[in-house]
Amino acid sequence: MSHSYDRHLIAPWSQPRLADELGVSRQTIISIERGRFDPSLPLAFRIAHIFDRSIEEIFIPSPETDG
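Under my numbering, the sequence shown has 64 at position 64, and the numbering climbs by one with no breaks.
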């Protein structure tokens with residue numbers, strides 16, 4: 001997964017809290033953060049909703065990882 005997101009955006013959220021809010025495991029959050037798991041579209045929308053951002057703002061191609 002060549003997605004990244006602003007770590008400052010998620011800083012106030014612990015992995016367990018975010019996982020609980022999204023109804024997923026902490027391991028799922030870790031895998032998404034590390035780029036090892038692409039969230040389903042419904043999960044991506046829930047993540048975007050929690051952070052009050054669009055999916056594009058959270059999951060954007062990173063020039064550093066794509067090049």
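Virtual Cβ for every residue (Gly too), placed ideally from N, Cα, C.
Quick one, are the C-beta atoms of residue i and residue j less than 8 Å apart?
i     : j     : result
PRO42 : ILE32 : no
LEU73 : ARG46 : Nothing about residue 73 can be reported from this structure: the residues present for the chain run from 1 to 67 only.
ILE55 : ALA44 : yes
**Message:** I'd like the ranges of any beta strand (DSSP E) spanning at least 3 consecutive residues and lying wholly in the region 11 to 38.
**Reply:** none
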